[in-house]
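K.L.:
Numbering (the numbering used here), first residue to last: 159 to 637. C-beta: ideal position from N, C-alpha, C; glycine also. First the structure, which I've put down as structure tokens, then a few questions once you've had a look.
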Amino acid sequence: MSRLVVVSNRLPSLRSGPNVGGPEAAAGGLAPAVLAALRRHAGSSWCGWTGRVAQDDETEALSQRIVRGVRFLGLPLTKVEVELYYNGYCNRTLWPLFHCFQDLVHVRLEEERAYRSVQRRFASAIAPQLRADDLLWVHDYHLLLFGRELREIGWTGRAGFFLHIPFPPLELFTLLADPADTLAALLEYDVVGFHVPRFAENYVQAATRLLGAAWDGTHLRWRGRVQRVGAFPVGIDLATFVPTPADLERSRRREVLGKVVGDRRVLVGVDRLDYTKGITERILAFEEFLRRSPEWRNRVVFLQIAAPSRTHVRAYHERRRQVETLVSRVNGELGEHDWMPIRYLYRAYSQDFLSDLYREADAALITPLRDGMNLVAKEFVAAQDPEHPGTLVLSRTAGAAEELREAVLVNPFVQSDLARGIHEALTMSESERRRRHRALFARVRAGTAEEWGRRFLGELERVGRITDPEAPAPSVMTS
Ligand code: F6P
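This is the structure in structure tokens:
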């Protein structure tokens with residue numbers, strides 16, 4: 159079996175325990191899914207930013223740590239790189255643009271240059287670690303150009319790329335300073351994967367329209383390159399969330415929430431604090447629900463966990479202020495001396511704590527305005543007690559909605575529809591909740607993180623690096 163080398167902007171947090179683990183711990187995130195795939199390959203490594211800010215002369219140093227058979231190779235970023243590359247081009251240009259938040263996009267050429275130079279530096283640090291027959295798997299929008307940098311250094315092995323966020327429609331993609339160049343760089347990968355077919359279609363449309371690439375339904379062909387494009391919906395590591403008999407016992411006693419909320423019903427939201435997650439819209443919908451259904455006052459609590467994220471980007475701290483102002487207004491206006499409608503916690507929690515919480519909640523409000531997938535939705539389903547499952551209220555605009563069709567689907571841009579979803583979740587009969595949960599759980603179980611890794615890497619192993627445009631396409635299934 160080939161070795162697997164994963165590259166992502168950030169290495170996962172390797173700590174464990176309650177209340178630690180960084181934003182990944184409270185928000186799905188790519189780390190658990192990638193780790194599940196990595197563990198299947200002996201001698202595999204994961205390279206990325208350590209999260210540490212380095213002095214200018216330290217950037218060549220690769221740190222190494224081996225945890226449970228996986229080698230983690232850490233690269234530092236300088237203060238300037240963090241500001242221009244990570245806060246700047248990644249999170250002030252690509253993130254809002256790819257999520258269709260056009261008003262928040264800013265494009266600065268200085269930041270775009272830093273984005274390129276970080277990828278060049280990552281490529282030259284990682285290239286000496288690679289063997290010709292390694293499988294290289296690059297992740298997410300931080301590293302769109304990384305494959306081309308490696309090819310320029312001369313590495314010709316098999317390279318795949320997976321985008322964890324949406325790929326935008328053409329009109330938005332062309333707002334980038336040089337969209338054709340970004341696509342040309344992406345075409346250096348042998349396999350490019352997205353969560354859902356809609357994002358793959360947007361990418362193919364951009365490549366065919368802006369570059370004139372040819373598309374045959376499974377492969378793009380351009381200047382001698384042949385690239386497999388497909389949808390590979392990411393899943394979760396089931397074992398972390400599916401309850402043991404002891405977990406079920408604890409949650410039937412309501413050990414986490416009982417003391418705090420009494421016998422009131424509980425709605426839960428768990429997100430990174432990000433404007434794409436629709437937290438303010440969700441709070442406003444909860445307020446509308448309470449105003450329209452006063453019989454629910456003092457009978458339900460909405461617990462929102464918001465994990466700190468990208469705190470040096472203005473749009474993020476502005477959103478934090480908005481959320482906190484709103485929580486305090488709604489609690490002030492609708493709360494009673496013995497009941498606060500909203501409990502808001504600005505921190506990350508461990509996966510163990512979250513799975514207990516998911517099981518004790520009556521419903522989860524997973525209502526992002528736009529999301530590549532949203533693994534919290536799948537985690538919530540997996541964590542349920544099958545005898546007394548909670549209800550999932552899910553945005554139609556999250557990638558997860560394409561698979562989790564038995565959720566209560568809502569349009570997060572329409573406040574009254576979201577309020578209707580909350581009402582439906584709270585009044586759904588137990589038999590209907592069980593019926594929906596069975597169907598949802600079957601889908602989550604069929605598409606685990608391990609299965610996602612197997613499917614993507616299976617394509618990468620099969621397709622290889624075919625450069626002859628006349629070569630017959632390998633027989634692969636369309637996703
Ligand atoms: O969902 C996109 C993503 O970049 C994930 O890959 C990651 O887990 C999460 O957002 C957190 O991002 P950051 O590294 O910027 O904190």
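Express the C-alpha separation of Leu415 and Leu515 in angstroms, rounding to a whole number.
P.N.:
Cα-Cα distance, rounded: 7 Å.
K.L.:
Please specify which runs of the alpha helix (DSSP H), each continuous and at least 4 residues long, are wholly inside the region 545-610, giving them in chain order.
P.N.:
Runs of the alpha helix (DSSP H) inside the region 545-610: 573-585, 588-604.
K.L.:
Have a look at Pro324 and Leu162 and give me their C-alpha separation to the nearest angstrom.
P.N.:
Each residue's alpha carbon lies about 25 Å from the other.
K.L.:
Answer yes or no: the CB of Leu301 versus the heavy atoms of ligand 1, is any distance below 6 Å?
P.N.:
Not under cutoff, so the answer is no.
K.L.:
Cβ of Ala540 within 7 Å of Cβ of Leu396?
P.N.:
It is a contact, given that the beta carbons lie within the stated cut-off.
K.L.:
In this structure, does DSSP put Glu413 in helix, strand or coil?
P.N.:
DSSP places Glu413 in coil when its eight states are reduced to three.
K.L.:
Is the closest heavy atom of ligand 1 to the C-beta of Leu188 under 6 Å?
P.N.:
Flag set: Cβ of Leu188 near ligand 1.
K.L.:
Got a sec: does ligand 1 put a non-hydrogen atom nearer than 6 Å to the Cβ of Asp429?
P.N.:
It does not: the Cβ of Asp429 is nowhere closer than 6 Å to a heavy atom of ligand 1.
K.L.:
Excluding the five sequence neighbours on either side, which residues of its own chain have a C-beta within less than 6 Å of the C-beta of Ala583, listed in chain order?
P.N.:
The answer, listed in chain order, is Ala521, Thr549, Val551, Val566.
K.L.:
Does the Cβ of Ser508 lie closer than 6 Å to at least one heavy atom of ligand 1?
P.N.:
False, no ligand heavy atom lies under 6 Å from that Cβ.
K.L.:
Less than 6 Å between the CB of Ser467 and some heavy atom of ligand 1, yes or no?
P.N.:
Ser467 Cβ: within cutoff of ligand 1.
K.L.:
Could you tell me if the beta carbon of Asp298 falls within a distance shorter than 6 Å of some heavy atom in ligand 1?
P.N.:
Because some heavy atom of ligand 1 lies under 6 Å away, the Cβ of Asp298 counts as near it: yes.
K.L.:
On the premise that Arg367 lies in contact with Leu328, defined as a C-beta separation below 8 Å, what is that separation, rounded to the nearest angstrom?
P.N.:
Contact holds; Cβ gap of about 6 Å.
K.L.:
Among Tyr299, Tyr361, Gly318, which one has its Cα closest to the Cα of Asp292?
P.N.:
Nearest of Tyr299, Tyr361, Gly318 to Asp292, Cα basis: Gly318.
K.L.:
Between the C-alpha atoms of Asp339 and Phe331, what's the straight-line distance to the nearest angstrom?
P.N.:
Spanning the two alpha carbons is a distance of roughly 12 Å.
K.L.:
What is the DSSP secondary structure of Ala154, counted as helix, strand or coil?
P.N.:
Since the first residue of the chain shown is 159 and the last is 637, residue 154 is not available in this structure.
K.L.:
On the criterion of 16 or more Cβ atoms from any shown chain inside 10 Å, does Glu270 qualify as buried, or is it exposed?
P.N.:
The residue is buried, with at least 16 neighbouring Cβ atoms inside 10 Å.
K.L.:
Hey, would you say the C-beta of Arg168 is under 6 Å away from at least one heavy atom of ligand 1?
P.N.:
Yes, the Cβ of Arg168 comes within 6 Å of a heavy atom of ligand 1.
K.L.:
Would you call Ser513 buried or exposed, if buried means 16 or more other Cβ atoms sit within 10 Å of its Cβ?
P.N.:
Burial call: buried.
K.L.:
Spatial neighbours of Tyr247 within its chain, please: CB distance less than 6 Å, with the 5 preceding and 5 following residues excluded, ordered by chain position.
P.N.:
Excluding sequence neighbours, Tyr247 sits near Glu269, Glu270, Tyr273.
K.L.:
What do you reckon, are the CB atoms on His297 and Ser166 nearer than 7 Å?
P.N.:
Going by C-beta atoms, His297 is nearer than 7 Å to Ser166.
K.L.:
List the whole-angstrom C-beta distance separating Gly206 from Leu267, where the pair is believed to meet the contact cut-off of C-beta under 8 Å.
P.N.:
Gly206 to Leu267, Cβ: 25 Å. No contact.
K.L.:
Taking the beta strand (DSSP E) that Phe319 falls in, what are its first and last residues?
P.N.:
Start and end: 316-320.
K.L.:
Give me, in chain order, the residues of the same chain whose beta-carbon lies closer than 6 Å to that of Tyr504; leave out the 5 immediate sequence neighbours on both sides.
P.N.:
Excluding positions up to five away in sequence, the list reads Ala464.
K.L.:
Does the distance from the CB of Thr434 to the CB of Leu484 come in under 7 Å?
P.N.:
No, Cβ-Cβ distance for Thr434 and Leu484 is not below 7 Å.
K.L.:
Is it the case that the CB of His322 approaches a heavy atom of ligand 1 more closely than 6 Å?
P.N.:
Yes, since a heavy atom of ligand 1 falls inside the 6 Å radius drawn around the Cβ of His322.
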